[in-house]
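Note sheet for the following structure.
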Amino acid sequence: MVEERNDSKKAQRSIYENVKMQFSKAADIMGLDLNICKILACTDNEIQVHFPVKMDDGRIEMFCGYRVQHNNVLGPYKGGLRYHPDVDIDDVRALATWMTWKCSLANIPFGGAKGGIKLDPFRYSLTELEHITRRFTFALGMNIGPEYDIPAPDVNTNPQIMAWIMDTYLSTMPADERNRNIHVVTGKPIASGGSLGRDKATGQGVVLTIQEWAKDHDFELKGATYTMQGFGNVGSWAGRLLKPLGSTLIAVEDHTGAIYNKEGIDPDELTAYVQEHGGILGYSKAEVIDHEGFWRTKADIFIPAALENQITAETAHWLDVKMVAEGANGPTDPEGDEILQSKGIFVIPDILCNSGGVIVSYFEWLQNKRSEFWDLEEVDGKLHKIIIKAYRKVQGTALELNTDWRTAAYVVALRRLERVYQERGIFP
Ligand code: NAD
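Quick note: the sequence shown uses the numbering used here, first residue 2, plus one each step.
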């Protein structure tokens, strides 16, 4: 079933084309300066590396890795690293571009980048993954750096992988510069310079935006139901944080299959199960359902927290929810978007909804630069302030331009970028 889904994904338009369509729509509506439009329509740098790694059995395997830097007019390039067999240059271009919009919308001093390695990480041992990560970092060389381009976790990467990247990067620097540069990555383990609250930050941002939407719509989250695609970092944290608010998870799909329980699936228990078994399939307190059954499950909220291009012309017709909170990047394609709008389903767009991760990454970067350690209350409080401010700005812009929230979020981001280019001008 997963293979069938992946095949249909390949037949779709690339997500880079989706980003360009979303960008054109927003640029037209706001009347973006045509010269600045030309700049933002391109990526700054595209790095592709091929590198050899010795496997546990002594064989050498070649890998292909990418880092795309879209724009850094607002600050150093920033964005995650993804390990997935479907990663290609177009995906990474799209994800890097979304990072530029996301950082601009949140008003944090970063540009946009993304990277990844084309591989199925589940096929490799931990030692092999360490060697692949270290060799990729070495191949990227000075294309990343704490004041230049700062990676973070994304799909199938985690704090351990960030620690290996940091260690490799620092090991290749002069001895007196090593300890000053641990902010070369964010999303590190706490003991290695990570920030409290970074692990849950993206899921927390998703929940904060859902709470804000609920307030605005007089919607009671206590007793509400939701379904979720993807139960990794973003999904499982969103679930764990929705639980104390009284909302019930009734269906989940991940790369291993889909499960359903109308009485509710406990996000804490499911998290523990996934940590042990690598996926949701086999979880005993829910029944197995098929892909279409998952998408047709009636609920109040749907949280896509897996991959892009999931809400399409087909699946948008199946969805029977009031609201979609985009935890994933680019989960909805333009056709899916139109259908959601025609069905009156409200969408909290990805560049707002999942921005909690990069916002707390910014806090980690600041703490490292200042040799500070903030307590969790401080991190949570600052995240709340920034994401709600962005939420209100999008809301105001949607009303001002009488447009959907995705376009409004783009307009907020693009207006900031446009202003900076106009002030700074173009060299020489
Ligand atoms: P993760 O690797 O922790 O989890 C990914 C989840 O997606 C897993 O549950 C996996 O089983 C599921 N999945 C993979 N292929 C699938 C398929 N074909 N069908 C259904 N489910 C599938 O990754 P994550 O960090 O939670 O990222 C999830 C999404 O959130 C991605 O779009 C990512 O770019 C986005 N995002 C992540 C962060 C972050 O801080 N980690 C920040 C912003 C956005």
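Positions of the beta carbon are idealized from the N, C-alpha and C atoms, including for glycine.
Since the model is a prediction, treat every value here as computed from it, not as a measurement.
1. Report the three-state DSSP secondary structure of E309 (helix, strand or coil).
2. Please report how far the alpha carbon of Q49 lies from the alpha carbon of G66, in whole angstroms.
3. Terminal residues of the continuous alpha helix (DSSP H) containing I40?
4. Regarding V289 and ligand 1, is the C-beta to nearest heavy atom distance less than 6 Å?
5. So for T268, helix, strand or coil by DSSP?
6. Looking at C-alpha atoms only, which residue of E401, I360 and Y284 is the closest neighbour of N108?
7. With respect to 6 Å, is the separation between the Cβ of T203 and the closest non-hydrogen atom of ligand 1 below this value?
8. Pull up the CB-CB distance for R68 and G116, whole angstroms please, since I reckon it's below 8 Å.
9. List the whole-angstrom C-beta distance separating D57 from T138, where the pair is believed to meet the contact cut-off of C-beta under 8 Å.
10. Give the secondary structure of T228 by DSSP, where H, G and I count as helix, E and B as strand, and everything else as coil.
11. Could you tell me if P350 is buried or exposed, where buried requires 16 or more neighbouring beta carbons within 10 angstroms of its beta carbon?
12. Give every residue of the same chain whose Cβ lies closer than 8 Å to the Cβ of M2, excluding the five residues on either side of it in the sequence, and list them in chain order.
13. Three or more C-beta pairs under 8 Å: does that hold for the stretch 340-350 against the stretch 369-379?
14. Is A306 near G328, with beta carbons less than 7 Å apart?
15. Within 8 Å, do at least three Cβ pairs link the stretch 174-187 to the stretch 301-316?
16. What does the Cβ neighbour count give for H71, buried or exposed, with the cut at 16 atoms within 10 Å?
17. Would you say the beta carbon of G231 is closer than 6 Å to some non-hydrogen atom of ligand 1?
18. Work out the CA separation of D87 and D8 for me, nearest whole Å.
19. Does the distance between the C-beta of V54 and the nearest non-hydrogen atom of ligand 1 fall short of 6 Å?
Let me spell this out:
1. Position 308 of the sequence shown holds residue 309. In the structure shown, E309 sits in coil (DSSP, three-state: anything other than H, G, I, E or B).
2. Taking the sequence shown and counting its residues from 1, one reaches residue 49 at position 48. Taking the sequence shown and counting its residues from 1, one reaches residue 66 at position 65. Near 6 Å, if we compare the C-alpha coordinates of G66 and Q49.
3. Against the sequence shown, residue 40 aligns to sequence position 39. Segment L35 to L41, the alpha helix (DSSP H) holding I40.
4. Translated into the one-based positions of the sequence shown, residue 289 becomes position 288. It does not: the Cβ of V289 is nowhere closer than 6 Å to a heavy atom of ligand 1.
5. Numbered from 1 along the sequence shown, position 267 holds the residue referred to as residue 268. Correcting the residue type first, residue 268 is Pro in the shown sequence and not Thr. Looking at P268 - three-state DSSP - the assignment turns out to be helix.
6. By one-based count along the sequence shown, residue 108 stands at place 107. Closest by alpha carbon: I360.
7. Reading the sequence shown from its first residue, position 202 is the one you call residue 203. True, at least one ligand heavy atom lies under 6 Å from that Cβ.
8. By one-based count along the sequence shown, residue 68 stands at place 67. By one-based count along the sequence shown, residue 116 stands at place 115. Contact holds; Cβ gap of about 4 Å.
9. Residue mapping note: residue 57 aligns to position 56 of the sequence shown, counting from 1. Residue mapping note: residue 138 aligns to position 137 of the sequence shown, counting from 1. The pair is not a contact, with the Cβ atoms about 20 Å apart (cut-off 8 Å).
10. Locating residue 228 in the sequence shown gives position 227, where the first residue counts as 1. Strand at T228.
11. Your numbering for residue 350 matches position 349 in the sequence shown. Buried, by the Cβ-count rule.
12. Here the question's residue 2 lines up with position 1 in the sequence shown. Below a pLDDT of 50, predicted positions are generally treated as unreliable, and M2, at 36, falls in that range; the measurement from the model is reported next regardless. G258, D291 and H292.
13. no
14. By 1-based counting over the sequence shown, the position of residue 306 is 305. By 1-based counting over the sequence shown, the position of residue 328 is 327. A contact, by the Cβ cut-off of 7 Å.
15. no
16. Sequence index remark: in the sequence shown, residue 71 carries index 70 (1-based). Looking at its Cβ environment, which holds 16 or more other Cβ atoms inside 10 Å, H71 is buried.
17. Position 230 of the sequence shown, counted from the first residue, corresponds to residue 231. Correct: G231 has its Cβ closer than 6 Å to ligand 1.
18. Residue numbering aside, residue 8 sits at position 7 when the sequence shown is read from its first letter. Residue numbering aside, residue 87 sits at position 86 when the sequence shown is read from its first letter. Per-residue confidence for D8 stands at a pLDDT of 46, beneath the threshold of 50, marking its modelled position as unreliable; the derived number appears in the next sentence. So the alpha carbons of these two residues sit roughly 11 Å apart.
19. In the sequence shown, residue 54 corresponds to position 53, counting from 1. Not so, every heavy atom of ligand 1 lies at least 6 Å from the Cβ.
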